[in-house]
Amino acid sequence: MRRFAIPALAVAVAAGLLALLGFGVAKLGSSSSIDASVARGNYPPAPHQQAKLPILGGSGSESLADLRGKVVVLNVFASWCGPCLAEAPILEKEQRQIVKDNATILGVTYLDNSSASEAFVRQQHISYPVLRDVSGNFVRSFGTTGVPETFVINRQGRIVALQREQLAGTWLQQTVQRVLTERS
Amino acid sequence: MTRSALHLTRASALRLTLIALIAGCALAPAALATTQPPRASLTDIENDVMCTSCREPLAVAQSPQADSERAYIRGLLAQGLTKRQIEQNLVAQYGEAVLGKPPASGFNLTVYVLPPVILAAGIGILLFTLPRWRRRARTAPDRGSAPPTGFDPAEAARLDQELSQFRG
Chain E
4 MRRFAIPALA VAVAAGLLAL LGFGVAKLGS SSSIDASVAR GNYPPAPHQQ
54 AKLPILGGSG SESLADLRGK VVVLNVFASW CGPCLAEAPI LEKEQRQIVK
104 DNATILGVTY LDNSSASEAF VRQQHISYPV LRDVSGNFVR SFGTTGVPET
154 FVINRQGRIV ALQREQLAGT WLQQTVQRVL TERS
Chain H
6 MTRSALHLTR ASALRLTLIA LIAGCALAPA ALATTQPPRA SLTDIENDVM
56 CTSCREPLAV AQSPQADSER AYIRGLLAQG LTKRQIEQNL VAQYGEAVLG
106 KPPASGFNLT VYVLPPVILA AGIGILLFTL PRWRRRARTA PDRGSAPPTG
156 FDPAEAARLD QELSQFRG
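Taken in order, these protein sequences are the chains called E and H.
First residue of the first sequence? That's 4 in my numbering, and the numbers climb one at a time after it.
First residue of the second sequence? That's 6 in my numbering, and the numbers climb one at a time after it.
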């Protein structure tokens with residue numbers, strides 16, 4: 004019996020370490036579940052809707068829940084990201100079009116410092132609200148691993164479309180129009 | 006007090022003064038260091054923080070985000086902030102993921118707790134098993150000198166005879 008004590012202990016320790024590794028990897032999450040659900044047309048609710056994020060360049064905070072009832076185009080960006088710079092005028096143009104239809108673009112900065120983000124907003128004449136996700140927890144709950152990424156959220160708070168790369172103006176216009184006209 | 010004793014005392018005093026002077030010179034920078042925080046440098050900070058998008062140390066990261074982070078640190082250095090203040094500022098901007106060493110809380114505790122636990126367990130296993138292995142080795146019969154078991158003397162003689170034929 005005692006002959007097996009040490010090998011059994013070694014196996015138990017190895018199994019424990021493997022379980023720990025598995026737990027750590029699982030905690031990283033995955034973007035595939037949201038993408039797959041949206042592709043199937045089984046629109047998932049936007050995660051962390053109650054999470055209050057600080058408003059860039061201002062006091063106070065805002066959450067997705069505060070915007071419930073509106074169509075929200077959530078754009079994750081950073082000032083250092085070239086594609087984000089390229090799509091900023093497209094988003095601003097769209098904002099001016101949709102604001103009258105009870106819809107809004109909502110920028111969320113990710114992996115960026117506030118002074119650089121504020122400079123970006125000023126230079127790009129962005130008029131839509133921009134929040135800061137300092138910890139990255141809110142953005143990562145959408146499966147985001149890089150910037151830019153865009154999620155279109157309907158009036159019921161469900162993700163109905165997404166782009167995990169630089170968006171095109173036509174895609175944005177058509178998608179938002181489709182969501183605006185869908186029955187509430 | 007005799008003349009030689011006086012001489013000895015003077016020599017001792019001189020030696021003590023010299024030791025005190027050398028010790029004072031050696032400890033002065035350390036004392037200064039404790040009163041005045043060391044001036045931070047970009048190289049020093051780069052080694053201890055991460056490029057948060059590329060998930061590698063900022064010192065080796067080459068990406069637009071890394072460049073942006075470096076520019077931000079340079080701005081903080083220009084304000085004369087200490088390394089600790091800069092790190093706190095970076096955490097406020099980029100979150101705790103910016104730190105090279107994760108904070109010792111939650112799941113991150115395993116990073117600090119596991120290595121010493123595994124080391125202690127390894128030492129414990131060795132301390133337990135090594136004496137047993139040595140005891141077993143001591144008590145085991147010397148296999149080199151023991152005659153082969155089950156080897157008939159008649160067969161041994163025949164083997165010797167056959168081997169002698171080969172040797173010629």
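Cβ coordinates follow ideal geometry from the N, Cα and C atoms, glycine included.
Keep in mind the model is a prediction, meaning the values are calculated, not measured.
Inset, instruction - Using only alpha-carbon positions, find the residue among G85/H, N113/H, R75/H and S68/H that is nearest to T48/H. - result: Here residue 48/H is taken as the residue at index 43 of the second sequence, counted from 1. Closest by alpha carbon: R75/H.
Inset, instruction - Pull up the CB-CB distance for G105/H and V137/E, whole angstroms please, since I reckon it's below 8 Å. - result: As a position in the second sequence, residue 105/H is number 100, starting the count at 1. As a position in the first sequence, residue 137/E is number 134, starting the count at 1. Not confirmed; about 18 Å, so no contact.
Legend entry - Cutoff 8 Å: V16/E Cβ touching any chain H Cβ: Start at 1 with the first residue of the first sequence, and residue 16/E comes out as number 13. Closer than 8 Å to some Cβ of chain H, the Cβ of V16/E qualifies, so yes.
Inset, instruction - At 7 Å on the CB atoms, spell out the chain H contacts of L114/E, in chain order. - result: One-based indexing of the first sequence puts residue 114/E at position 111. Near L114/E (Cβ distances below 7 Å), the residues of chain H are T57, S58, Q70 and Y99.
Legend entry - Range covered by the alpha helix (DSSP H) that runs through E121/E: Reading the first sequence from its first residue, position 118 is the one you call residue 121/E. Residues S117 to Q126.
Inset, instruction - Starting from I130/H, find everything on chain E with Cβ-Cβ shorter than 7 Å and list it in chain order. - result: Translated into positions along the second sequence, residue 130/H becomes position 125. Chain E residues near I130/H: I9.
Inset, instruction - Give a yes or no on whether the minimum CB-CB distance between Y117/H and chain B is below 8 Å. - result: Considering every chain present, this structure includes no chain B. Its protein chains are E and H.
Legend entry - Contact under 8 Å by Cβ, C87/E with P151/E: Taking the first sequence and counting its residues from 1, the one referred to as residue 87/E is at position 84. Taking the first sequence and counting its residues from 1, the one referred to as residue 151/E is at position 148. The answer is yes: Cβ separation under 8 Å.
Legend entry - C-beta contact flag for M55/H and A102/H at 8 Å: Within the second sequence, numbered from 1, the residue matching residue 55/H stands at position 50. Within the second sequence, numbered from 1, the residue matching residue 102/H stands at position 97. Contact flag set, yes.
Legend entry - Short CB-CB distance (under 8 Å) between S110/H and chain E: Counting from one through the second sequence, the residue named residue 110/H turns up at place 105. Judged by the 8 Å Cβ criterion, S110/H is not in contact with chain E.
Legend entry - Span separating the alpha-carbon of I58/E from that of L109/E: Along the first sequence, one-based indexing puts residue 58/E at 55. Along the first sequence, one-based indexing puts residue 109/E at 106. Roughly 11 Å between the two C-alpha positions.
Legend entry - Under 8 Å between C-beta atoms of I101/E and V179/E: Numbered from its first residue, the first sequence carries residue 101/E at position 98. Numbered from its first residue, the first sequence carries residue 179/E at position 176. Contact: yes.
Legend entry - Residue of A159/H, N52/H, S73/H and K88/H minimising C-alpha distance to R44/H: The residue you call residue 44/H lines up with position 39 of the second sequence. Of the listed residues, the one whose Cα sits closest to R44/H is K88/H.
Legend entry - Length of the line joining the Cα atoms of Q176/E and V76/E: Numbered from its first residue, the first sequence carries residue 176/E at position 173. Numbered from its first residue, the first sequence carries residue 76/E at position 73. Spanning the two alpha carbons is a distance of roughly 11 Å.
Legend entry - the segment 58-84 of chain E: positions lying closer than 8 Å to chain H by Cβ: A81, S82, W83 and C84
Inset, instruction - Quick one: list the residues of chain E neighbouring A102/H, beta-carbon separation under 7 Å, in chain order. - result: On the second sequence, position 97 is the one that residue 102/H refers to. What A102/H touches in chain E: G139.
Legend entry - DSSP-derived helix/strand/coil call for V179/E: Walking along the first sequence from the start, residue 179/E turns up at place 176. Correct three-state label for V179/E: helix.
Legend entry - Where W83/E falls, given that 16 or more other Cβ within 10 Å makes a residue buried: Looking up residue 83/E in the first sequence gives position 80. With 16 or more Cβ atoms within 10 Å of its Cβ, W83/E is classed as buried.
Inset, instruction - Work out the CA separation of A159/H and E167/H for me, nearest whole Å. - result: As a working mapping, residue 167/H is identified with position 162 in the second sequence. As a working mapping, residue 159/H is identified with position 154 in the second sequence. Computed Cα separation, rounded: 12 Å.
Legend entry - Coarse secondary structure for M6/H, derived from DSSP in three states: Taking the first residue of the second sequence as position 1, residue 6/H is located at position 1. The predicted position of M6/H is uncertain, since its pLDDT is 49 and thus under 50; no value can be drawn from it.
Inset, instruction - Taking only the alpha-carbon atoms, compute the straight-line gap between R163/H and Q170/H and give it to the nearest angstrom. - result: In the second sequence, counting from the first residue as 1, residue 163/H sits at position 158. In the second sequence, counting from the first residue as 1, residue 170/H sits at position 165. The straight-line gap from Cα to Cα measures roughly 11 Å.
Legend entry - Closest Cα partner of L56/E within the set N140/E, V124/E, L21/E and V182/E: For the purposes of this step, residue 56/E is identified with residue 53 of the first sequence, where counting begins at 1. Of N140/E, V124/E, L21/E and V182/E, the residue nearest in Cα terms is N140/E.
Inset, instruction - Give the interface partners of T134/H over in chain E, defined as CB-CB distance under 8 Å, in chain order. - result: The residue given as residue 134/H occupies position 129 in the second sequence. Residues of chain E passing the Cβ test: I9.
Inset, instruction - Under 7 Å between beta-carbons, which chain H residues line up against L23/E? List them in chain order, please. - result: Mapped onto the first sequence, residue 23/E falls at position 20. The answer, in chain order, is T115.
Inset, instruction - Have a look at F7/E and L20/E and give me their C-alpha separation to the nearest angstrom. - result: Locating residue 7/E in the first sequence gives position 4, where the first residue counts as 1. Locating residue 20/E in the first sequence gives position 17, where the first residue counts as 1. Between F7/E and L20/E, the C-alpha separation is close to 20 Å.
Legend entry - Between the CA atoms of I162/E and A42/E - distance to the nearest angstrom: In the first sequence, residue 42/E corresponds to position 39, counting from 1. In the first sequence, residue 162/E corresponds to position 159, counting from 1. For A42/E and I162/E, the distance between alpha carbons rounds to 11 Å.
Legend entry - DSSP three-state assignment for Y113/E, whether helix, strand or coil: Here the question's residue 113/E lines up with position 110 in the first sequence. Here Y113/E sits in strand by DSSP.
Inset, instruction - Answer yes if the segment 104-124 of chain E comes into contact with the segment 57-74 of chain E, meaning at least three C-beta pairs across the two stretches below 8 Å, and no otherwise. - result: yes
Legend entry - Close beta carbons around P47/E, own chain, < 8 Å, minus the five adjacent residues each side: Stepping through the first sequence from its first residue, residue 47/E is reached at position 44. Hits under 8 Å: S36, I37, S40, V41, R161 and I162.
Inset, instruction - On the DSSP bridge assignment, give the partners of Q166/E in chain order. - result: Working through the first sequence from its first residue, we reach residue 166/E at position 163. T153/E, per the DSSP bridge assignment.
Legend entry - Under 8 Å from the C-beta of G149/E: neighbouring residues of chain H: Residue mapping note: residue 149/E aligns to position 146 of the first sequence, counting from 1. What G149/E touches in chain H: S58.
Inset, instruction - Consult DSSP for V74/E and reduce its assignment to one of helix, strand or coil. - result: Position 71 of the first sequence holds residue 74/E. If DSSP states are grouped into helix, strand and coil, V74/E belongs with the strands.
Inset, instruction - Under 9 Å between beta-carbons, which chain H residues line up against S144/E? List them in chain order, please. - result: By 1-based counting over the first sequence, the position of residue 144/E is 141. What S144/E touches in chain H: nothing, since even the nearest Cβ is about 14 Å away.
Inset, instruction - Please report how far the alpha carbon of L114/H lies from the alpha carbon of G72/E, in whole angstroms. - result: What you label residue 114/H is simply residue 109 of the second sequence in a count that begins at 1. What you label residue 72/E is simply residue 69 of the first sequence in a count that begins at 1. Answer to the nearest angstrom: the Cα atoms are 42 Å apart.
Legend entry - As assigned by DSSP and simplified to three states, the class of R44/H: Taking the first residue of the second sequence as 1, we reach residue 44/H at position 39. Coil at R44/H, not helix or strand.
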